[in-house]
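For the sequence shown, the residue numbers in mature numbering (1 follows the signal peptide of the UniProt record, and there is no 0) are -28 to -1, 1 to 960. Backbone N, C-alpha and C fix where the C-beta goes; we use that ideal spot for every residue, glycine too. Values in this document were obtained by computation on a predicted structure and should not be read as measured data.
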Amino acid sequence: MRIIVFLWLFFLPLCSVLFGINIALVSGECLGGSRLCLEDERSLLLQLKNSLKFKPNVAVKLVTWNESVGCCSWGGVNWDANGHVVCLDLSSELISGGFNNFSSLFSLRYLQSLNLANNSFNSSQIPSGFGKLGNLVYLNLSDAGFSGQIPIEISHLTRLATIDLSSIYYLTGIPKLKLENPNLRMLVQNLKELRELHLNGVNILAQGKEWCQALSSSVPNLQVLSLSSCHLSGPIHSSLEKLQSISTICLNDNNFASPVPEFLGNFSNLTQLKLSSCGLNGTFPEKIFQVPTLQILDLSNNRLLEGSLPEFPQNRSLDSLVLSDTKFSGKVPDSIGNLKRLTRIELAGCNFSGPIPNSMANLTQLVYMDLSGNAFFGPVPSFSLSKNLTRIDLSHNHLAGQILSSHWDGLENLVTLDLRNNSLNGSLPMHLFSLSSLQKIQLSNNQFSGPFSEFEVKSFSVLDTLDLSSNNLEGPIPVSLFDLQHLNILDLSFNKFNGTVELSSYQKLRNLFTLSLSYNNLSINASVRNPTLPLLSNLTTLKLASCKLRTLPDLSTQSGLTYLDLSDNQIHGTIPNWIWKIGNGSLMHLNLSHNLLEDLQEPFSNFTPDLSSLDLHSNQLHGQIPTPPQFSSYVDYSNNSFNSSIPDDIGIYMSFALFFSLSKNNITGSIPRSICNATYLRVLDFSDNTLSGKIPSCLIENGNLAVLNLRRNKFSGAILWEFPGECLLQTLDLNRNLLRGKIPESLGNCKALEVLNLGNNRMNDNFPCWLKNISSLRVLVLRANKFHGPIGCPKSNFEGDIPEVMGNFTSLNVLNLSHNGFTGQIPSSIGNLRQLESLDLSRNWLSGEIPTQLANLNFLSVLNLSFNQLVGSIPTGNQLQTFSENSFLGNRGLCGFPLNASCKDGTPQTFDDRHSGSRMEIKWKYIAPEIGFVTGLGVVIWPLVLCRRWRKYYYKHVDGILSRILLGQDQGRANGGRRAHRIRRRRM
Ligand SMILES: *[C@@H]1O[C@H](CO)[C@@H](O)[C@H](O)[C@H]1NC(C)=O
Ligand SMILES: *[C@@H]1O[C@H](CO)[C@@H](O)[C@H](O)[C@H]1NC(C)=O
């Protein structure tokens, strides 16, 4: 038999026999063919070839079309028994043009299958000539480079079973295909035979009812519906239920802004449902999970979509379950273990909680598992039966307990293990180091303890990332590490490792890019034996904070260093010139803060041009402040002894700056006008200097500042600023200056204001009632000015109404109005300020009784009402008695505990002497950390505006508050939680 076939092929050497035309029609590939080809059709193809523009060295099919070669071996062409072309596949030939209505292609009337996908018919319209190919069953023009309106002639192809006009890879500048006129309904109305409709990326712009009805009324046999990124809107209309043969629904990246309809659960042949990034809300119908044929379910990135996992029966087809970034919640049921065919499970960033079921160990086909960013607790189950697993990500949960070695037996395909940010404890799971495919071990921010013992490094080890930072590991760093030849990233920071480290021993790790040993009990010896060799050849990031360094390591030959952190050491003396020449200026981030450095080596030419983050704070640097790096985004010179004025042209260097601090120096003179160039500035801190003159109003009027801290200087004049309508200010601290006049009412535009401290100036105004609409205000300090009139706000603008309304300042933590001329009563509505922790109204002319409502203030830990004209008895039986008498002294009419004067008919019997010096200062040192005084934070901001990749990377290094200020991240919830925690701690 075999011989006969062979002989037959021998006698018909030019053509293979036509076979499987049906297969070809479905797949669009032209396989096999007839031995006949008609001369007419042959020359039509040659004409077509001559009209097309393509590169002969790239195209693989067109180049075989040649008179000298038998037509049956022409690539991508398929002839029927009568010698007609029935199948033409010119996909991926990089054809760039020359295609129009007169193309000879449209004379190939017998064509049944045509594939022109992946070419670039440069942004021309789809020619109407396609309408002449009335026999087409398969038409694929996806990513062919066509654009503009899809012509009505396509709708004349009534035999079409598959049409694909998707454009997924848009080139910028090329307009998308669109279905406007004709619209979707007109396109499909005659295509009764259609089984597959692929229009991904086509601008359809239709409402839910419109597109659903267009499909259900015209293409009842549709099996594959693929309309991703089509500008469809919702809700998905019930008429769609008519498409009972549907097996694939892919509608990613549309905006339905509505719930998922339950009837999708009635499709008995549904295998794929992809609704990622569709703005879905409401609760996902559980019924859909129960469709027995369902293999792929992707609902990811629908942040308002709620739902929970049902019980899963045995023998389900589910292969891929992707629910990341939704509001799915509740537990993962034990019956998840029934999904024996599951290869992919992604539940990242949802609200799941409870333990990770042990039954997941039954998911032996699992390849990819991401359960990160939920509230899972309890132990990590063993996945050792899932031999195909390549990725396990359980990071950012509340998992606890030990990780046993048996968990990892046989996971020979595991590439990534991410268990960061949990509460795992016990000793390090050393077994991991023997897994042959493992590239990334990420265990940071857990409670692993004990030694990191020596281990056997297998010759096949491909480990490239080892992140053990922020655990409780101790003892020496094992030398086995130096045999991990593929290591790129080694982070051992924030542990308790001890011993002496020879930095030069890391030279063995030729591929090391990132080395962090910061914050251990290590002593680093950074001297070089062979000074011509770079200390660490490929290193881009080196972090040796708090490593007991006494001198700067010689890094002058490092060729690619971009990030260097040597903060918190005992490095003294001069900052050498070579530091600016590292890697010919590759350095982008330098942190030398918290050392004993005194000056910069002369001649000081200039900083590395790429240096974007420079942190020199808390040293002993003196003299002229160095002109900041040209493109810096973060500059911190605070807490030194610089004693110059600010250079006049400072603004030129600040055009990309987000953060600039000169706080706690001896800077004199005024703020130069050029600072107005610093239009991106988010944090400006010049506090604790001797600056004088007027504060340039552009700082405020530029409108980007979140923190302006100028406290403890000698600024004078009135603040006649116009706060912009879109004011982003969160902290305004002008305490202890010589400012006068009124508070501009436009400050009320700053709806995000949290701290307003105007204390110790010469301001002369009424109580700034209009602040009450700023719901975020937490600290209001007006102490020691010339404020006068009643405290609080009139209920209406009736003259003489009792000022009462204080209740709007609901988030206020600190209120200090002391040392002013306020008169009238303490408004009883002050009792509504439930968050108040510190209240100082001392040394005013307040009269009347202490309102009993003050006792409502459960969080109050500082109270000073001394030296007023208050009368009557101190309200009893509540927290007010827990304050010392100093809180009430100097009010002649006041009586009752804790004062010495007992009450008789509500008046004091004996008077206390007027003590002074019992003033209670607001304890700024406690408050400061949580209100955004960011000086002194050893944190790092990169050229955030410019480079998104770095922004993502460095985000995790940035303090939450600072990042919120600088990046505008919405961390409100996280900070709120931490704040509450801190408040609790302070009260303990
Ligand atoms: C579902 O698929 C099966 C097998 O492919 C087919 O026989 C059946 O007709 C389909 N059901 C519907 C409603 O189209
Ligand atoms: C879904 O979002 C739309 C648009 O925002 C809203 O009108 C509708 O009430 C929401 N439905 C549910 C169930 O949340």
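- The region 267 to 283 makes no contact with the region 209 to 219: fewer than 3 CB pairs, one atom from each, lie closer than 8 Å.
- In summary, GLN702 is buried, with 16 or more beta-carbon neighbours lying within 10 Å of its beta-carbon over all protein chains present.
- Closest by C-alpha distance to SER421, out of PRO327, ASN444, THR512 and LEU692, is ASN444.
- At a threshold of 7 Å, GLY532 does not count as near ligand 2, since its beta carbon sits no closer than that to any of the ligand's heavy atoms.
- Closest option to LEU212, judged by alpha-carbon separation, among PRO192, ALA229, SER200 and ASN227: PRO192.
- For the 8 Å CB-CB criterion, SER200 and ASN227 do not form a contact.
- Inclusion of GLN216 in the 7 Å shell around ligand 1 follows from its C-beta lying nearer than that to a non-hydrogen atom of the ligand.
- The closest heavy atom of ligand 2 lies less than 7 Å from the beta carbon of ASN253.
- For PRO581, the CB contacts under 8 Å within the same chain, skipping 5 residues up- and downstream, are GLY557, PRO601, GLN602 and PHE603 in chain order.
- Looking at the backbone, the Cα of VAL607 and that of SER495 are separated by about 29 Å.
- Within the chosen limit of 7 Å, ligand 2 reaches the beta carbon of SER230 through at least one heavy atom.
- Rounded to the nearest angstrom, the Cβ distance from SER416 to ARG392 is 5 Å, consistent with a contact under 8 Å.
- Note on TRP51: 16 or more other CB atoms within 10 angstroms of its CB, so buried under the neighbour-count rule.
- Taken through DSSP and simplified to helix, strand or coil, LEU818 comes out as strand.
- Remark: the C-beta of SER240 is in contact range of ligand 1, defined as less than 7 Å to any heavy atom.
- Shown here, LYS299 sits in a strand according to DSSP, grouped into three states.
- VAL751 is bridged by DSSP to VAL727 and VAL786.
- When C-alpha distances from LYS758 are compared across GLN797, TRP817 and SER810, the shortest belongs to TRP817.
- Taking THR362 as the centre and dropping the five residues before and after it, the same chain places the C-beta of VAL339, TYR340, ASN385, LEU386, VAL387, THR388 and SER409 closer than 8 Å to its C-beta, in chain order.
- Of the candidates SER509, LEU187 and LYS468, LYS468 places its Cα closest to the Cα of TYR491.
- Counting only residues of its own chain and dropping the five nearest sequence neighbours on each side, PRO450 has a CB closer than 6 Å to the CB of PHE424 and GLU426.
- Around the beta-carbon of GLY42, fewer than 16 other beta-carbon atoms lie within 10 Å, marking it exposed.
- Contact between ASN804 and THR782 holds: their C-beta atoms lie close to 7 Å from each other, under 8 Å.
- Cβ neighbours of GLY180 within its own chain (closer than 8 Å, five residues either side excluded): LEU204, SER205, GLY206, PRO207, ILE208, HIS209, PHE228 and SER230.
- If you ignore the 5 residues before and after GLN97, its C-beta comes within less than 8 Å of the C-beta of PHE118, SER119, GLY120, GLN121 and PRO123, all in its own chain and listed in chain order.
- Scanning its chain for C-beta atoms nearer than 8 Å, with the 5 sequence neighbours on each side dropped, one finds around GLU152 the residues GLN121, ASN175 and LEU177, in chain order.
- ILE672 and PHE695 have their C-alpha atoms spaced approximately 6 Å apart.
- Going by C-alpha positions, ASN729 is about 18 Å away from ARG654.
- Taking the C-beta atoms as reference points, SER75 is found nearer than 8 Å to LEU20.
- Under DSSP, TYR609 takes part in no beta bridge, so it has no partner.
- ARG712 sits in a strand when the DSSP states are folded into three classes.
- In this structure, GLU182 sits away from LEU132, with a CB-CB distance that is not shorter than 8 Å.
- 8 Å or more divides the Cβ of ASN460 from the Cβ of PHE432.
- Here GLN542 is exposed. Its C-beta has fewer than 16 other C-beta atoms within 10 Å.
- Cβ-Cβ separation between SER85 and SER114: approximately 14 Å, too far for a contact (criterion under 8 Å).
- Cβ-Cβ distances below 6 Å link HIS170 to ASP136, SER138 and SER198 in the same chain, with the five nearest sequence neighbours on each side left out; the list follows chain order.
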